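Sequential numbering of the sequence shown, starting at 1, is according to the UniProt record's numbering.
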Amino acid sequence: MFSSCLGLCAEYVQLYVDYLLNSSIYKQFEAFYHGFHSVCASNALIMLRPEEVEMLVCGNPELDMEALKKVTVYDGYSKNDNTI
């Protein structure tokens, strides 16, 4: 009896994890997948490491604020406005 309970628990956990990681986000992932592949050929992805794909999708996590300040154009505002 105990082993059958463990089997059911293991199956439940497996199904729950599958739901969380696959089924529950299927529509969102499909939209991302098709959009991503429309701008980046899938055969190009095999040449990239995971870190490089992350950089393409997310960008550089470190911002150079001085470089941003040099190229910022204010439309209807100035750099000294409280909003900015």
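C-beta: ideal position from N, C-alpha, C; glycine also.
It should be emphasised that the depicted structure is a prediction, and the values quoted were computed from it without experimental measurement.
- Our two residues, Q14 and S78, have alpha carbons roughly 56 Å apart in a direct line.
- A straight-line Cα-Cα distance of about 18 Å links Y19 and F32.
- Following the DSSP letters along the chain, one finds L56 inside the alpha helix (DSSP H) bounded by residues 50-58.
- L15 sits in a helix when the DSSP states are folded into three classes.
- Non-local beta-carbon contacts of T72 in its own chain, meaning distances under 8 Å to residues more than five positions away in sequence, involve K79 in chain order.
- The straight-line gap separating the alpha-carbon atoms of M55 and S4 is approximately 46 Å.
- Here A41 carries a coil assignment [DSSP, helix/strand/coil].
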